[in-house]
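Reading through the C-alpha cells given below for one structure.
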Amino acid sequence: MPFDSVFLLYRFDEKKGIVKVGGLDAFDGTPIIDLKSYFPISDRVRDCYIAPWLKDWPEWMEDGTV
C-alpha cells in the first residue's frame with residue numbers, strides 16, 4: 001500500500017527544485033519524491049482505522065490551523 005499525505009503547497013521553485021509545504025508530517029529538509037494533485041472524488045479515505053487513544057479528537061481541523 002502506498003503512503004499518501006495531503007498537504008498545502010505554498011511555493012514551488014522549479015529552478016532550485018524546492019517546494020514549500022505546510023501540514024506535512026515530516027522533518028524540515030525531508031525529500032519529497034512525488035507530488036500529485038488532490039482530487040476529492042477519488043483521493044478520499046473511505047475506510048480508515050482510528051486508534052482508540054484518538055477517539056476524543058475532533059473529526060476535522062478547523063480552517064487556518066495547519
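Residue numbers (UniProt numbering): 1 to 66. All residues carry an ideal CB built from backbone N, CA and C; glycine is no exception.
- Pairing Val21 with Tyr38 gives a Cβ-Cβ distance that is not under 8 Å.
- Judged by DSSP secondary structure, Asp43 falls within the alpha helix (DSSP H) whose first and last residues are Pro40 to Asp43.
- Judged by beta-carbon spacing, Ser5 lies within the 8 Å limit of Asp25, meaning their Cβ atoms are closer than that value.
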